[in-house]
Structure formats: structure tokens, C-alpha cells
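**Student:** In this note's numbering, the protein residues as written are 11 to 323. Cβ atoms here follow ideal geometry from the backbone N, Cα and C, with glycine treated the same way.
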Ligand code: NDP
């Protein structure tokens, strides 16, 4: 029988984290979820953790502020997946993972570490603009620490989470599709890539025991979901049986709007800028350091954008 790794999920109550817990259990892994004492009386988180336990996960108490607790948690498992928040307006949570790297070094038993990435490949973003490049720089700092320590890893480049991008027809600040109008980035013809969040979790768990992705980046590029903004809008128009009014925002107009926003908004906008004006997700071939998920795991019947959109009807 195939031996399945034991998995520790950190950030398990998060937007992606809770899906990782579900996918790990569904794929038959002994699954541990870090329970941070800092969550205090956050009833939603506590209830969610208890529901994981009901589904078969084991909760393990540990904190980024307590090195020993992290080491002890890591010793219970073979694989650790971290899905801490990438949001920058509170603190640089991505860099907390440097503490995790230290704990993994000490524990000495981890066969694979998947740090909190799940977006644009930061290695391709050396020319990203300020201030949003902080997201890529922080993720690269964590990568360097992992690689310097010789920790076996897989980086998951998940591209656009469907809930954030497809729902709002790719528009910043929208998560529901309009029946009336849409603003296109430039001509709207730059290709991007969209992935359902449960599929992201399923591909991530699939890869943890796969030697083909050891010390590589797993790119999630489901072929039917490599679409321009105009194509996403076209699929929506087909579903609602009418055309929506389109206006266009030039690259310069976008940059001008960005100047007047606060730091957190500018960080978010930087991502949209590189994705929808420069095509940073789909404008490169996957090299020898990467693998493509839908090709490696064809048994996952991924959700196509046209089907994802149906839930908004
Ligand atoms: P969330 O904002 O939902 O947060 C995830 C978890 O991080 C929280 O639930 C919490 O887990 C943990 N956390 C939050 N604050 C702290 C803290 N101060 N100390 C320790 N742990 C903390 O994250 P997402 O699911 O949105 O993001 C996960 C990853 O996905 C990130 O790398 C992000 O950049 C990426 N992402 C990619 C997107 C895309 O479109 N490609 C979109 C959104 C995110 P707990 O309380 O359970 O410990």
C-alpha cells in the first residue's frame, strides 16, 4: 500500500488553510493542524478547529513565539504546509516563516516543506514595482532561508484564486460579477490563469509525496482557465445572455489611480498591474525547475471558469 505522509498545516483556519485541511483529510493523510494560543477567544476559529477534529484532524498547540512548541509539532509529521496570510498592512506574516525554517532545521525530520506562496511566482518578479514587490521580496527571503538550510521543498504557484478574480470579472475591489458594466485593463486581452481554491488545495496535497516536484515549483495552469479578462467577461455574457458595457483603463490611468491609494491598497493594486497589464502569470514557459499540476495530476477534474461563474447566476 502507498505510504502517505503525515502532514502539519499551519494557518489552517485561513481562507486557503481550511481547504488544505479538508483536502489533506480527503486524500487520506494523517493531518495535524496548528492551534495557536494567540487566537484567544476567537470563537469562529475555535469552532473551525473543533470541526477539523470532528473530521479526523489532530490539533496541536504551537506558536511562532515559542520555538520549542514548533519543533515538537514538526516532530509529529513528515510534511509541513504553511498557509499564513500574505496580507501586508498588519505585519509581514510571510517572514514569520523564518522562525519555522529554524524549527524545521532543529526538528530534522521534515521531508517536504511547502511555504506560504500560492500566487505569482516571486522568482519571476525581480522587476516588480513598489510597493507591491514587498510580497515577492518576502517570499524570496523565505525561499532563500529554506534553500540555504537544505530543507526539501515544493513551491506552489497557484496563480489567481478564482473567488477573488473570477467573481469580480478580474476587477480590483469586486468579487461579484456585474450584469451591466465592466472595466477592462487596457484592451483586456492579456492572458491570466484562474484556479478554484479547492482545486488549489487538492493539487497541493497531491504533490507532497510526489518525487517529481521535490525541490521544484508546481505551477497550477489548468489549460481551460488560461484566459484574458475579455474572455472571462465573454463567458459571463454568454451565461447571462447579454453584453455588458465595457470601458477601458489604460496602464497610465491605472498607475495614476494607484498613487492616491493607501499602502495596503497599493500593494494589492501592484499585483493586478503585473497580472493584467504585463501578463506575469502566463508570459513564460515552465522550465526545468518547475512542473505543471494539471498535467501531473489529470485525475483532478478541475473547475473551469465557465462553470465557476454559474454559481453567480
Ligand atoms: P488568510 O489571510 O486567510 O490567513 C491565513 C492564516 O494565517 C490565518 O487564518 C491564521 O491562521 C494565520 N495568521 C494570520 N495572522 C497571523 C499571525 N500574526 N501569526 C501567525 N499566523 C497568523 O490567508 P490566505 O489564505 O488569504 O493566504 C494564504 C496564502 O495564499 C498567502 O501566501 C497569500 O499570499 C496567498 N494568496 C494568494 C491569492 C491569489 O489570488 N493567488 C489570494 C489570496 C492569498 P491560524 O489562526 O489558523 O493560525
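Quick check on the DSSP output: the alpha helix (DSSP H) that includes residue 41 runs from which residue to which?
**Tutor:** Note, residue 41: premise wrong, no alpha helix (DSSP H); beta strand (DSSP E) at 41-45.
**Student:** Kindly indicate which three-state DSSP category residue 10 falls into: helix, strand or coil?
**Tutor:** Past the edges of the chain, shown from 11 to 323, lies residue 10, and the structure says nothing about it.
**Student:** Is it a yes or a no for the region 230-242 touching the region 155-171, going by three-plus beta-carbon pairs under 8 Å?
**Tutor:** Three or more Cβ pairs drawn from the region 230-242 and the region 155-171 lie within less than 8 Å of each other, which places the two stretches in contact.
**Student:** Taking the alpha helix (DSSP H) that residue 256 belongs to, which residues open and close that run?
**Tutor:** First-last for residue 256: 255-259, but that is the beta strand (DSSP E), not the alpha helix (DSSP H).
**Student:** Are residue 42 and residue 86 close, meaning C-beta to C-beta below 9 Å?
**Tutor:** yes
**Student:** Kindly list the residues whose CB is nearer than 7 Å to the CB of residue 65, restricted to its own chain and excluding five residues on each side of it in sequence; keep chain order.
**Tutor:** So the list reads 35, once near-sequence residues are dropped.
**Student:** Report, in whole angstroms, the separation of the C-beta atoms of residue 382 and residue 318, which I expect to be a contact under 8 Å.
**Tutor:** One cannot answer for residue 382 here, as it falls past the ends of the chain, which runs 11 to 323.
**Student:** Just grab the DSSP bridge partners of residue 124 for me.
**Tutor:** 91, per the DSSP bridge assignment.
**Student:** Would you tell me roughly how many angstroms separate the C-alpha atoms of residue 186 and residue 115, rounded to the nearest one?
**Tutor:** 44 Å
**Student:** Answer yes or no: the CB of residue 264 versus the heavy atoms of the ligand NDP, is any distance below 8 Å?
**Tutor:** no
**Student:** Could you give the distance in angstroms between the alpha-carbon of residue 298 and the alpha-carbon of residue 28?
**Tutor:** 31 Å
**Student:** Let me know the secondary structure DSSP gives residue 49 once reduced to three states.
**Tutor:** helix
**Student:** Roughly how many angstroms lie between the CA atoms of residue 163 and residue 304, to the nearest whole one?
**Tutor:** 19 Å
**Student:** Does the region 276-288 come into contact with the region 174-190, if we say contact requires no fewer than three beta-carbon pairs (one atom in each stretch) closer than 8 Å?
**Tutor:** yes
**Student:** Classify residue 324: buried if its beta carbon has 16 or more other beta carbons within 10 angstroms, exposed otherwise.
**Tutor:** There is simply no residue 324 to check, as the chain begins at 11 and stops at 323 in what is shown.
**Student:** Flag this pair as yes or no: are the beta carbons of residue 280 and residue 143 separated by less than 9 Å?
**Tutor:** yes
**Student:** Taking residue 282 as part of the alpha helix (DSSP H), name the residues at either end of that continuous run.
**Tutor:** Taken as a continuous stretch (DSSP letters only), the alpha helix (DSSP H) holding residue 282 covers 273-286.
**Student:** In chain order, what residues of the same chain have a beta carbon less than 7 Å from the beta carbon of residue 127, not counting five sequence neighbours either side?
**Tutor:** 149, 165, 166 and 167
**Student:** Could you please give me the residues that DSSP links to residue 300 through a beta bridge?
**Tutor:** Answer by DSSP bridge pairing, in chain order: 227.
**Student:** Mind checking who residue 170 pairs with in its DSSP beta bridge?
**Tutor:** Answer is 204.
**Student:** In chain order, what residues of the same chain lie with their CB nearer than 7 Å to the CB of residue 269, ignoring the 5 residues before and after it?
**Tutor:** Counting only Cβ-Cβ distances below 7 Å, and skipping sequence neighbours, we find nothing.
**Student:** Out of 133, 139 and 137, which has the shortest C-alpha to C-alpha gap to residue 151?
**Tutor:** 133
**Student:** Name, in chain order, the residues that DSSP records as bridge partners for residue 17.
**Tutor:** 41 and 89
**Student:** At the level of alpha carbons, what is the spacing between residue 245 and residue 316?
**Tutor:** If you take the alpha carbons of residue 245 and residue 316, they lie about 6 Å apart.
**Student:** Quick check: does the Cβ of residue 25 come within less than 8 Å of any heavy atom belonging to the ligand NDP?
**Tutor:** True, at least one ligand heavy atom lies under 8 Å from that Cβ.
**Student:** What first and last residue would you give for the beta strand (DSSP E) that runs through residue 192?
**Tutor:** 191-195
**Student:** Which partner residues of residue 237 appear in the DSSP bridge assignment?
**Tutor:** 202
**Student:** Could you give the DSSP three-state label for residue 151: helix, strand or coil?
**Tutor:** If DSSP states are grouped into helix, strand and coil, residue 151 belongs with the helices.
**Student:** Hey, out of 204, 60 and 75, whose CA is closest to residue 31's CA?
**Tutor:** 60
**Student:** How long is the line joining the alpha carbons of residue 228 and residue 302, rounded to whole angstroms?
**Tutor:** 6 Å
**Student:** So is residue 19 buried or exposed if we call it buried at 16+ other beta carbons inside 10 Å?
**Tutor:** buried
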